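Protein chains in written order, with our numbering: chain A, 188 to 495; chain B, 64 to 677. One structure is given below, encoded as structure tokens.
Put into structure tokens, the structure is as follows:
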């Protein structure tokens with residue numbers, strides 16, 4: 188069908204075009220969002236992540252007890268499901284339910300905070316290397332190689348020792364060491380995208396590099412980035428647990444899920460509930476992020492749309 | 064005192080021995096135990112003095128402290144020229160199993176089995192036999208050497224080796240093996256990290272540090288013939304047999320070393336002279352030893368095989384329950400309830416008094432602990448009964464004073480002591496009246512309690528203490544668990560405002576507790592910052608006091624002063640537990656009848672165990 192012509196057909200076509208234009212305007216993002224809403228698993232993930240976030244924010248209101256309150260008459264009590272300590276108490280007599288609710292704070296903050304830093308460092312470096320190429324690329328990638336050579340935990344420990352203890356320092360440390368994978372991935376995506384027709388077209392049309400990167404390449408590279416970030420969240424949670432375990436993470440008695448699971452896993456034969464509950468929450472959080480990530484990828488990437 | 068053989072009475076020699084053991088990073092505590100085993104109380108006092116004097120301090124005449132009285136002098140049989148015979152294991156009840164296999168875990172894959180190069184190689188020491196060996200009472204008895212004798216001033220020792228002991232490949236164990244091995248350890252080319260252990264041998268230090276003109280042949284160890292080893296020392300060293308029995312003096316098999324180099328301790332290459340030989344070593348998986356039938360005392364050793372799967376400590380209990388190991392020697396607090404309530408495990412449970420005290424040290428250099436009132440308030444805010452009964456589930460006893468119960472001069476808490484230490488929240492809060500913290504307010508921000516990573520029991524107790532201080536006094540304290548070595552270094556530099564720490568008693572005398580830990584004028588520095596002249600005077604005087612009654616009074620007074628100042632808050636005396644399968648019998652025991660598991664000094668527990676039919 189052509190839009191040029193004359194006579195009756197021409198008028199009808201112009202009317203069509205008007206109707207088309209009068210349709211509500213849909214951007215790429217809006218389009219993606221509506222597709223996301225239609226994805227049940229992704230919505231489940233989104234709802235869970237929201238719930239966990241609310242739980243973290245309102246922990247002081249939600250938790251029945253302070254996280255460090257010890258009941259000496261109820262040490263390592265098994266879950267009763269109802270009553271005073273529905274999920275039991277830990278080895279020192281602290282309420283598991285309260286500690287789990289409070290633990291969401293640390294785990295969510297570390298998981299998300301670290302990923303924000305990873306995103307802010309990894310994507311620009313990868314994008315720059317992939318888009319500009321040549322010497323800049325070589326230089327940046329050698330830098331990434333150097334960063335790769337450090338064992339991550341060791342590096343995190345080093346940074347923690349330099350910065351001191353505290354929650355924000357943990358996600359800085361994890362973020363500063365964790366961006367290399369993302370940078371490489373972004374670079375690889377950009378290298379591939381750089382030669383694609385639509386990028387060439389944009390360049391030919393005179394678009395600025397900034398515009399090409401942000402409007403044309405980044406949205407197309409977003410799906411692997413989002414998936415990587417999503418999987419980075421549980422990883423950051425576990426790194427935080429490892430740090431707390433060797434005594435340079437979140438100082439006791441503040442709980443985090445990773446720490447609760449890590450410390451009590453050796454008691455699983457005696458007190459199954461101590462490691463199981465935080466592990467379930469970590470798994471649930473990880474699953475939610477994965478579903479959400481998958482949903483976002485499907486929503487953002489038109490190539491996968493048909494499969495829904 | 065002129066008898067150089069009674070070296071434990073000679074401060075010079077004790078100080079030298081300490082230097083040797085320091086060269087191999089031996090704990091001061093173990094050193095004191097060894098010396099105490101031979102020299103009784105006199106030996107321990109001198110050993111302590113030697114440790115305290117340190118290497119840099121000017122050589123004070125004799126010792127800074129008068130040795131404590133000798134309550135029951137241990138007969139010095141062990142290292143004299145005529146040592147007693149090796150113990151022959153006794154008969155046991157019950158029918159023995161056909162397969163005499165003993166299984167116990169290793170927590171990490173060994174670096175090697177080359178004890179001759181590095182005694183901390185983490186291999187199984189049962190693969191090598193020294194000239195002498197330690198009994199469960201930590202005395203030295205003959206092993207490869209059947210006897211030894213010193214010259215007049217104990218500066219030359221002659222070891223007579225038995226002719227009936229062989230390497231696992233059939234080679235006889237000769238004096239040449241020891242000569243060559245010790246020289247190997249001292250050879251700078253070997254780069255043995257703890258060669259300093261053998262510096263008592265003449266020219267050993269010069270050879271090891273590559274002094275010009277000193278060669279391998281100048282080192283004072285020489286095989287006079289195949290079975291006679293003559294060791295010429297730098298001077299009188301009555302203790303030399305102790306060194307010769309320690310694992311650092313283990314031999315290496317010369318042909319294997321020359322053929323395989325660093326790989327000589329792999330299972331397919333190694334040749335052993337100990338009661339057991341390495342037959343299989345799957346790295347990071349398992350180490351298997353088999354009895355060395357060619358070892359002289361093999362006929363008195365019942366075990367045929369030792370299997371050591373590599374299992375980290377957190378997983379050891381599970382492995383024990385899965386019947387993968389027969390002996391689990393480190394049990395976590397978090398499993399205690401189940402172990403004790405389990406009808407089967409409770410039968411296999413072995414608990415040990417660790418003879419120590421966990422205590423809290425508020426350092427008066429730091430706010431708010433600079434105020435005595437605050438320290439006293441803290442002492443009354445901690446409910447020790449609850450910590451012992453609830454948190455530690457009874458695997459401890461309540462402590463109000465430093466010396467643990469069961470030790471001589473233990474101070475039974477009387478009214479006066481309880482007055483100073485009892486748990487009483489009202490009293491605790493009353494102590495804060497008139498201080499800036501009255502009513503539990505205005506505490507400085509960022510208060511911390513620090514201890515080192517040492518298992519789950521001290522950690523749980525620390526959490527309880529923090530909670531009690533918060534509830535009673537309103538203190539908000541962060542709980543910091545530090546890397547062990549670094550934390551102790553910081554403690555010695557007095558950088559930790561509130562330290563949660565333990566002291567394990569080395570030998571049964573309060574000189575080891577109140578004096579050793581709290582005497583503030585030792586030239587090598589002090590463990591904790593707090594000092595008090597009167598306390599120092601009393602404990603020093605007590606060390607030299609002959610009359611037990613007066614001595615008790617002196618320690619009692621000193622303890623009262625310390626509690627009155629609340630320099631330390633004593634909380635509990637720890638115990639530990641392990642699990643041994645019921646079919647393992649004939650456990651090694653010391654003269655008090657206590658089971659002695661393998662330990663840095665006493666190594667030869669496999670020689671004892673017998674496995675019943677099961």
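Idealized CB from N, CA, C, for every residue including glycine. Quick caveat: nothing in here was measured; it's all calculated off a predicted structure.
Residue-level contact to chain B via CB, residue i, 8 Å cutoff
i	result
residue 278 of chain A	yes
residue 269 of chain A	no
residue 425 of chain A	no
residue 454 of chain A	yes
residue 462 of chain A	no
residue 439 of chain A	yes
residue 257 of chain A	yes
residue 252 of chain A	no
residue 475 of chain A	no
For residue i, the residue or residues it bridges with in DSSP
i	result
residue 412 of chain B	B:642
residue 371 of chain B	B:350
residue 633 of chain B	B:422
residue 293 of chain B	B:221 and B:285
residue 235 of chain B	B:229
residue 197 of chain B	B:203
residue 208 of chain B	B:224
Chain A within 8 Å of residue i, Cβ atoms only
i	result
residue 460 of chain B	no
residue 528 of chain B	no
residue 398 of chain B	yes
residue 523 of chain B	yes
residue 139 of chain B	Per-residue confidence for residue 139 of chain B stands at a pLDDT of 32, beneath the threshold of 50, marking its modelled position as unreliable; the derived number appears in the next sentence. So, not an interface residue.
residue 177 of chain B	no
Whether residue i touches residue j by CB criterion (8 Å)
i	j	result
residue 633 of chain B	residue 465 of chain B	yes
residue 625 of chain B	residue 598 of chain B	yes
residue 297 of chain A	residue 423 of chain A	yes
residue 659 of chain B	residue 651 of chain B	yes
residue 323 of chain B	residue 87 of chain B	no
residue 543 of chain B	residue 513 of chain B	yes
residue 640 of chain B	residue 458 of chain B	yes
residue 565 of chain B	residue 637 of chain B	yes
residue 520 of chain B	residue 455 of chain B	yes
residue 97 of chain B	residue 201 of chain B	yes
residue 313 of chain A	residue 371 of chain A	yes
residue 66 of chain B	residue 373 of chain B	no
residue 608 of chain B	residue 600 of chain B	no
residue 469 of chain A	residue 421 of chain A	yes
residue 389 of chain B	residue 165 of chain B	yes
residue 494 of chain B	residue 443 of chain B	yes
residue 176 of chain B	residue 341 of chain B	yes
Element boundaries [alpha helix (DSSP H), containing residue i]
i	result
residue 514 of chain B	Run containing residue 514 of chain B: none in the alpha helix (DSSP H); it sits in the beta strand (DSSP E), 510-515.
residue 533 of chain B	519-536
residue 465 of chain A	460-487
residue 478 of chain B	478-484
residue 320 of chain B	317-323
Coarse secondary structure for residue i, derived from DSSP in three states
i	result
residue 163 of chain B	coil
residue 654 of chain B	coil
residue 343 of chain B	strand
residue 318 of chain A	helix
residue 255 of chain A	coil
residue 203 of chain B	strand
residue 661 of chain B	coil
residue 68 of chain B	coil
residue 331 of chain B	coil
residue 243 of chain B	helix
Residue range of the beta strand (DSSP E) that includes residue i
i	result
residue 540 of chain B	540-545
residue 568 of chain B	Premise fails: residue 568 of chain B is in no beta strand (DSSP E) and is neither H nor E.
residue 392 of chain B	Here residue 392 of chain B belongs to no beta strand (DSSP E), and DSSP marks it neither H nor E.
residue 242 of chain A	Not the beta strand (DSSP E): residue 242 of chain A falls in the alpha helix (DSSP H), residues 227-244.
residue 461 of chain B	459-461
Listed by chain order, chain C residues near residue i by CB distance under 8 Å
i	result
residue 263 of chain A	Looking for chain C here will not work: the only protein chains present are A and B.
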